[in-house]
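Note that this note's numbering has the sequence shown beginning at 579, numbered continuously upward.
Every residue gets a Cβ at the ideal spot worked out from N, C-alpha and C, and that includes glycine.
This one's a predicted model, so the numbers in the text were calculated from it and none came from an experiment.
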Amino acid sequence: MSALDLVNPSSPLYQKRKGVYPKAVTGFYRRLKWLIMGVTLAIYYVTPWLRWDRGAFAPHQAVLVDLAHRRFYMFSIEIWPQEFYYVAGLLVMAGIGLFLVTSAVGRAWCGYACPQTVWTDLFVHVERFIDGDRNAQIKLANTPMSVDKLVKRVTKYAIWLLIAVATGGAWIFYFADAPTLARDFVTGAAPFVAYATVGVMTATTFIFGGFMREQICIYMCPWPRIQTAMLDEKSLIVTYKDWRGEPRSAGLKKVAAMEADYPVETITMASKAASRAGRSTAGRTGDCIDCNQCVAVCPTGIDIREGPQLGCITCALCIDACDKVMLQIGRPRGLIDYATLDDAVHEKAGGEPRPIIKTLLRPRTLVYFAIWAGIGLAMLFSLGERSRFDISVAADRNPRFVQLSDGTIRNGFTVKLRNMETRPRAVDLTISELPGAVAWSDNGNRETAGQRVRVQLAPDATTKLQLFVAAPAQDDEHAHFKIVAQPTDGAPGSPDARPAKADMTFEGPERGDNEREDREKDDKQ
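1. Given this structure, state the Cα-to-Cα distance separating residue 967 from residue 996, to the nearest angstrom.
2. Around the C-beta of residue 972, are 16 or more other C-beta atoms found within 10 angstroms, so that it is buried, or is it exposed?
3. Give every residue of the same chain whose Cβ lies closer than 7 Å to the Cβ of residue 762, excluding the five residues on either side of it in the sequence, and list them in chain order.
4. Could you give the DSSP three-state label for residue 991: helix, strand or coil?
5. Using a Cβ-Cβ cut-off of 8 Å (strictly less than) and excluding sequence neighbours within five positions of residue 679, which residues of its own chain qualify?
6. Expressed to the nearest angstrom, what Euclidean distance is found between the alpha-carbon atoms of residue 613 and residue 726?
7. Short of 8 Å in beta carbon distance, which residues of its chain neighbour residue 985, apart from the five on each side in sequence? Order them along the chain.
8. CA-CA distance, residue 813 and residue 960?
9. Taking just the CA atoms, how far does residue 1047 sit from residue 1104?
10. Quick check: the Cα distance between residue 925 and residue 935, rounded to an integer number of angstroms?
11. Residues bridged to residue 1110 by DSSP?
12. Taking C-alpha atoms, which residue in 1044, 669, 703, 657 lies nearest to residue 602?
13. Less than 8 Å between the C-beta atoms of residue 1073 and residue 1001, yes or no?
14. Among 689, 719, 716, 626, which one has its Cα closest to the Cα of residue 758?
15. Can you find at least 3 beta carbon pairs, one from the stretch 690-708 and one from the stretch 741-753, that sit closer than 8 Å?
16. Have a look at 929, 1083, 1040 and flag the residue whose alpha-carbon is nearest the alpha-carbon of residue 1056.
17. According to the Cβ coordinates, are residue 639 and residue 629 closer than 8 Å?
18. Please go through the same chain and pick out, in chain order, the residues whose beta-carbon is closer than 6 Å to the beta-carbon of residue 982, but skip the five residues on each side of it.
19. What are the partner residues of residue 1043, as DSSP defines its beta bridges?
20. Please report the residue range of the alpha helix (DSSP H) in which residue 712 lies.
21. Indicate whether the contact test is met: 3 or more Cβ pairs, each with one atom in the stretch 817-827 and one in the stretch 904-923, closer than 8 Å.
22. Does the beta-carbon of residue 1003 have 16 or more other beta-carbons within 10 angstroms, so that it is buried, or is it exposed?
23. Is residue 850 helix, strand or coil when you go by DSSP?
24. Measuring straight from C-alpha to C-alpha, what distance separates residue 657 and residue 1053?
25. To the nearest whole angstrom, what separates the beta carbons of residue 827 and residue 867, a pair I think is in contact under 8 Å?
26. Going along the chain, which residues of its own chain have a beta-carbon closer than 8 Å to the beta-carbon of residue 1104, five neighbours each way excluded?
27. Restricting to Cα atoms, I'd like to know which of 1028, 1015, 1068 is closest to residue 1058.
28. Starting from the C-beta of residue 805, find all residues in its chain whose C-beta is less than 6 Å away, skip the five residues before and the five after it, and write them out in chain order.
29. Can you have a look at residue 1105 and say buried or exposed, based on whether 16 or more other CB atoms are within 10 angstroms of its CB?
30. Pull the bridge partners of residue 968 from the DSSP assignment, please.
31. Under DSSP, the beta strand (DSSP E) around residue 1016 begins and ends at which residues?
32. How big is the Cα-Cα spacing for residue 811 and residue 1067?
33. Suppose you measure from the CA of residue 958 to the CA of residue 944; what does that come to, to the nearest Å?
34. Given a threshold of 16 other Cβ atoms within 10 Å of its Cβ, counted over all protein chains shown, does residue 723 qualify as buried or as exposed?
35. Would you decide whether residue 600 is buried or exposed? Buried here means 16 or more other CB atoms lie within 10 Å of its CB.
36. Where do the N-terminal and C-terminal ends of the beta strand (DSSP E) with residue 1085 fall, by residue?
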């Protein structure tokens, strides 16, 4: 390529978006999309309003990300900051789950459950309700502005805006008590970050779902590239069976153009006549009649007959549209269908496709499922066995130790006891593996020192105290010992009764210092 070609390329660097007006379609996959869209939207909008009784010392919202107190609540599960690895585990499971779905059924996530797909589908249905179906939308888009067009545009944008605001509002309800925040939001008492978040979410939902739509999937989102790289010859994808459909018989278009409410006899007679006209001479034409219904219903506007493409989100609406046409012209369904590349080659040679169960249950998908299930089971086991009580101890460094009048050595420690239960608890602090040691807290003194220090813990909070440990001088100036926190109210053998331990070092004077002090005493005598 010459330098001139680089400066003035023959094709433009940027392409103007072409309008995509998906046609309404009915069928199995359309009903499946309705079901998934309804479930996912219900989960998103309703979940923040669900209540869950956690007692008097914790919030009652079922799912809550409490940033102020650094907690994450999900029904009976409470995650503290030091337990964030559970959230990381959920993200890993989500990633592996996406690998599993992609290797088995292609980009089904994109076609059915991706938020961009779900909200765009919702916006498209609103648009279809206001402007009409595909042909009416195209006609309206190409007509000059009028009162009727203006009314439809304002009505459509207003409904889109309401959906977008509801989407942003539902998002912030996950981070605060939903009823309280809703009241504060309406009365103007909510914090600025709440209004800013709703504004950003409203704008992105309105623009992405109403105007950018398929451009998000094709240009902005990285997942199409990632998922395409994860496909193999045994992954189910939406496939046009060209060996059956080509060459196309355009003479049958008039059959597909009939409305669905035509009598069956009329369709059958027209089908037979068109078949005689288009399929004579030893069947030199295929089943595809070039009606373009698969293109008309596609939410990204691609032609699946051109083969696998980045724009295909595997929503399978083209399958519903094509099956309906095949039924009208009296041909077998499945001209466009879910199939693997291996099945395509096999069927083209005249063989039968593999059973769907063998396609799904193969070594790759089983390995993904085993990893996914293993992580999930490990997290469930860890959640069931985790202790809701923890201890962390830091030794005082200035001074490292103090020698008392009776010759014993005192060390100071800052102790943090985390009670992750939603009820008050009591624990006993004891000293282990340090002979002759006694302890007392900053609420006591040397005279009240003993083998055990009782501490009352507030619910769902961290209790901080100063702990002093005194013991005779040890042979090792860095003696190792344990501070043990034993709950007093847990059932024997349960995780609640499991003690928490902290390995510490008891600092004392070096041996040379003791010998020098002894010599000084002898000299004075």
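Short version:
1. 6 Å
2. exposed
3. 768
4. strand
5. 686, 687
6. 33 Å
7. 1050, 1051
8. 34 Å
9. Because the chain is modelled from 579 through 1103, residue 1104 falls outside the range shown and cannot be assessed.
10. 17 Å
11. Coverage of the chain is limited to positions 579 through 1103, which leaves residue 1110 absent and any answer about it impossible.
12. 703
13. no
14. Nearest option by C-alpha distance: 626.
15. yes
16. Nearest C-alpha to residue 1056: 1083.
17. yes
18. So the qualifying residues of the chain are 988.
19. 993
20. 712-720
21. The stretch 817-827 is in contact with the stretch 904-923.
22. Here residue 1003 is buried. Its C-beta has 16 or more other C-beta atoms within 10 Å.
23. With a pLDDT of 43 at residue 850, under the threshold of 50, the modelled position of that residue is not reliable, and the figure given next carries that caveat. Of the three classes helix, strand and coil, the one that applies to residue 850 here is helix, per DSSP.
24. Cα to Cα, residue 657 sits roughly 43 Å from residue 1053.
25. That pair is a contact at about 5 Å.
26. What the structure shows of the chain is the stretch from 579 to 1103, and residue 1104 is not part of that stretch, so it cannot be assessed.
27. 1015
28. 680, 685
29. No statement about residue 1105 is possible, as the shown extent of the chain runs from 579 to 1103 and does not include it.
30. DSSP lists 996 as partners of residue 968.
31. 1016-1019
32. 59 Å
33. 21 Å
34. Label assigned to residue 723: exposed.
35. With 16 or more other Cβ atoms inside 10 Å of its own Cβ, residue 600 counts as buried.
36. Where residue 1085 is concerned, the enclosing beta strand (DSSP E) stretches over 1078-1085.
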